[in-house]
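If you want it as structure tokens, here you go:
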């Protein structure tokens with residue numbers, strides 16, 4: 012791939028929620044930062060839209076940016092009406108770009124696959140970059156088929172499988188903590204760790220995304236993609252560098268060693284929210300949301316336990332959990348340590364094991380330390396050591412777009428990694444389809460089903 016950056020960004024699905032809510036604000040944070048650059052922006056979608064209307068959407072996303080920047084980007088932006096699955100419309104958009112082009116598929120996975128199939132028979136510019144949103148494919152077979160299709164007309168390093176949870180600051184926080192601190196790395200192994208939780212929970216509900224979410228659910232939307240990527244970063248062996256080949260190769264290796272805790276996928280749980288109140292907001296039940304088909308039994312809270320069959324992690328359960336409409340949401344990785352081999356007689360020990368908590372949002376570090384009691388030195392108690400990670404000047408999507416526009420695939424999910432993630436969750440999907448795992452419920456605004464506590 013050429014070393015030069017991207018000159019034109021074409022967004023397919025420009026009229027969608029992803030573009031207005033995340034992509035354009037992420038682009039604004041990037042172009043308004045010290046890493047900003049000149050860029051032509053083209054929006055493409057099936058609906059009719061004037062250039063002026065598209066430019067107003069861009070300008071709105073750049074509202075907090077310097078006016079000169081917003082004006083410059085707006086003036087170089089225009090809109091094309093077209094069908095992303097039409098080779099003619101795709102090539103018309105590509106031909107309208109200048110310099111090196113990135114084609115961003117802000118589309119549902121099934122439409123993305125059709126668009127890639129349309130591109131496969133065309134003569135596309137050398138060096139073009141394709142950015143594909145998660146989930147990559149709709150199951151293991153479709154992910155493999157899409158990978159094989161892409162291989163016929165672009166190189167692997169021209170494909171960016173986007174996972175905004177891999178925003179560089181998050182990646183470097185986790186890798187820096189593990190591999191640049193001698194105190195932590197020897198501790199993070201089966202010898203010292205009893206179990207690990209990786210939790211990404213949110214207070215938001217469906218937010219008008221039924222068209223996509225009701226066919227995916229929490230397992231596919233979050234665990235199959237985001238949480239397994241975080242798991243890989245938390246469990247990889249130290250790579251020789253954090254370059255794209257070394258880092259992504261290490262992630263692929265550890266995910267190949269990852270499997271459901273039970274082969275039949277039943278070491279898992281699922282639930283969906285009923286009516287309730289999240290903060291001051293009253294939320295209807297999931298099945299009452301517009302566009303939801305109750306017969307699908309789509310879960311809004313999912314949990315599965317996996318094993319990582321490596322020397323370092325053999326026998327340690329990793330619990331992956333993600334859900335919506337929760338009253339006390341958290342985004343963190345929690346390593347719970349084993350008890351000390353022997354506590355001298357006379358000490359009264361603390362009531363729970365020690366934990367290392369790495370917050371993803373906000374980015375914080377908390378480590379439990381046992382200290383002598385203030386009133387009675389033989390009555391041991393917990394103190395918690397806290398630290399904050401440095402904050403990035405960019406949003407998560409700003410970080411991903413920065414790597415995309417620079418042509419650096421480090422934060423892109425490699426093709427084999429995407430397939431491994433689907434392999435890992437496939438037994439759970441099968442168990443749920445057979446109703447081998449019950450579908451529980453929880454009121455919106457609660458911490459989940461009572462039986463889960």
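In this note's numbering, the protein residues as written are 12 to 464.
Note that CB positions come from ideal geometry on N, CA and C, so glycine has one too.
Considering only 335, 333 and 378, the residue with the shortest C-alpha distance to residue 348 is 378. Using a C-beta cut-off of 8 Å, the region 157 to 174 makes contact with the region 422 to 435, since at least three inter-stretch Cβ pairs fall below that distance. In its chain, beyond the 5 residues on either side, 250 and 421 have a beta carbon closer than 7 Å to the beta carbon of residue 258.
In the structure shown, residue 219 adopts coil according to DSSP, grouped into three states. Secondary structure remark: continuous alpha helix (DSSP H) runs of at least 4 residues inside the region 193 to 266, in chain order: 221 to 229 and 239 to 246. Taken in chain order, the complete beta strand (DSSP E) segments of 3 residues or longer contained in the region 110 to 164 are 112 to 116 and 140 to 144. In this structure, the beta-carbon distance from residue 312 to residue 201 does not fall below 7 Å. The C-beta of residue 389 has fewer than 16 other C-beta atoms within 10 Å across all chains shown, which makes the residue exposed. By the Cβ test, the region 403 to 419 is in contact with the region 179 to 197, since at least three Cβ pairs between them sit closer than 8 Å. As a beta-bridge residue in DSSP terms, residue 453 pairs with 284. Rounded to the nearest whole angstrom, the CA to CA distance from residue 20 to residue 31 is 15 Å. Sixteen is the threshold: since fewer than 16 other Cβ atoms of the shown chains lie within 10 Å of the Cβ of residue 121, the residue is exposed. With a cutoff of 7 Å on beta-carbon distance, residue 366 and residue 210 are scored as not near each other. Each of 139, 129, 289 and 252 was checked against the Cα of residue 339, and the nearest Cα belongs to 289. Cα atoms of residue 114 and residue 92: separation of roughly 15 Å, rounded to the nearest angstrom. Distance from the Cα of residue 148 is smallest, within the candidate group 137, 139 and 160, for 160. Across the set 51, 329, 102 and 29, the C-alpha of 102 shows the shortest separation from the C-alpha of residue 126. Counted as a single uninterrupted DSSP element, the alpha helix (DSSP H) harbouring residue 181 occupies residues 179 to 190. In the same chain as residue 399, and ignoring 5 residues on each side of it, the C-beta atoms closer than 6 Å to its own belong to 375, in chain order. Counting the other Cβ atoms within 10 Å of the Cβ of residue 411 gives 16 or more, which makes it buried.
Every beta strand (DSSP E) stretch that sits fully inside the region 33 to 96 and reaches 3 residues is listed by chain position as 51 to 56 and 88 to 92.
Boundaries for residue 273: no alpha helix (DSSP H) harbours it, and the DSSP string shows neither H nor E there. In this structure residue 246 is buried. Its beta-carbon is surrounded by 16 or more other beta-carbon atoms within 10 angstroms. About 6 Å separates the beta carbons of residue 333 and residue 234, which is inside the 8 Å limit, making them a contact pair.
Boundaries for residue 394: no alpha helix (DSSP H) harbours it, while the beta strand (DSSP E) harbouring it runs 392 to 399, taken from the DSSP string.
Around the beta carbon of residue 351, fewer than 16 other beta carbons lie within 10 angstroms, which makes this residue exposed.
Just so you know, the alpha carbons of residue 226 and residue 28 end up roughly 17 Å apart. Residue 232 and residue 335 have their alpha carbons spaced roughly 11 Å apart. Taking a cut-off of 8 Å on C-beta distances, the region 309 to 327 touches the region 270 to 285, as three or more cross pairs fall below it. Taken in chain order, the complete beta strand (DSSP E) segments of 3 residues or longer contained in the region 350 to 422 are 366 to 370, 375 to 382 and 392 to 399.
At the C-beta level, residue 18 and residue 111 come within 7 Å of one another. Beta-bridge partners of residue 315 (DSSP): 279 and 331.
Within the same chain, 209, 234, 238 and 315 come within 6 Å of residue 331 by CB-CB distance, once the 5 residues on both sides are set aside.
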